[in-house]
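In what follows, a structure is listed as structure tokens, so that the remarks can point back to it.
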Amino acid sequence: MTDDQKYGAPVPGWTPPPRPPTEAMQGAHVRLEPLEADAHAADLFRAYSGHDALWDYMPYGPFHSAAAYHRWAKEQESLADPRFFVLRSRATGHCGGIASFLRITPEAGSIEVGHICIAPEMQRGAAATEAMWLMMDWAFRAGYRRYEWKCNALNMGSRRAAQRLGFSFEGVFRQHAVVKGRNRDTAWFSIIDSEWPALAEAYRAWLAPANFDAGGRQIERLYDLTRLVRPGSDPALAE
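In the working numbering, the protein residues as written are -2 to 236.
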């Protein structure tokens, strides 16, 4: 047995990466802005209003008044972990969703994306997917080794989204948490740094202007591109 087999492979020159940025990240379709309740909460509440199912698997919500959502956003905006970003559409100027970096562990090179809540007006469009790309790309360029996605194991929409985005299924943690008084089994997914170059090429191909027709509809699906390079599949999902 080699030392690598007995102890694990060396990580030469390992330096913990920085914590997530406090400035905005901008793409062609979306701008990710650090959450500021006074600047974002009213527009986000507008986008979420009437869509209470968005909060079904969240540990908070739904919010039935703009004031209640503003209070929640105010409590989150100064946190270092989770670090929240607002998805602002560059086409409309409106805020259409929120996402965060969380469980940020530079010493291990691990970081998670979560608290993702995308309003219907931004779902199934290039902006939301580009937001996920911007966050992933920042993490791997910064030097993180592992990028995680976790969700309620019953949330099949989130599990499908993870697989589409190129995350590999790792398993289910049984009785992992109690959320809103109910048991939560948690499905775990990840992308690691050695997988990122091929996945990044898949994202660049999908986001290329030539991949969208005159009506803004995709020509080639991101799922079909990431499937070619994603090492693991979720057994609960049909390929």
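Glycine included, every Cβ here is placed at the ideal spot set by N, Cα and C. Just so it is clear, the structure is predicted and the values come from calculations on it, not from any experiment.
| query | result |
| --- | --- |
| Backbone secondary structure at Thr177 - three-state DSSP | Looking at the sequence shown, residue 177 is not Thr but Lys. In the structure shown, Lys177 sits in coil (DSSP, three-state: anything other than H, G, I, E or B). |
| Leu51 (DSSP reduced to helix, strand or coil) | helix |
| Residue ranges of each beta strand (DSSP E) within the stretch 177 to 206, 3 or longer | 179 to 189 |
| Pairwise C-alpha distance: Pro7 and Leu76 | 34 Å |
| Contact the stretch 60 to 67 vs the stretch 158 to 174: 3+ CB pairs below 8 Å | no |
| CB contact flag (Ala307, Asn149, <9 Å) | As displayed, the chain neither begins before -2 nor continues past 236, which places residue 307 out of reach and without an answer. |
| Span separating the alpha-carbon of Arg171 from that of Glu145 | 18 Å |
| Beta-carbon proximity check, His91 vs Arg100, cutoff 9 Å | no |
| Cβ distance (whole Å) where Ala34 is taken to contact Glu74 below 8 Å | 5 Å |
| Segment limits, alpha helix (DSSP H) that includes Ser155 | 153 to 161 |
| 8 Å contact criterion, which Tyr141 and Ile113 should meet: CB distance rounded | That belief does not hold up - the Cβ atoms of Tyr141 and Ile113 are roughly 18 Å apart, past 8 Å. |
| Check whether Ala128 and Phe209 have beta carbons under 9 Å apart | no |
| Cutoff 8 Å; reference Met22; Cβ partners in own chain excluding five residues on either side | Arg28, Leu29, Phe82, Leu131, Met132, Trp135 |
| Ranges of the beta strand (DSSP E) found wholly within the stretch 86 to 121, counting only runs of at least 3 | 92 to 102, 107 to 115 |
| Within 9 Å, strictly: CB atoms of Pro13 and Glu104 | yes |
| Short Cβ contact (9 Å threshold) for Asp190 with Arg224 | no |
| Spatial distance of Gln160 from Lys71 (CA atoms) | 32 Å |
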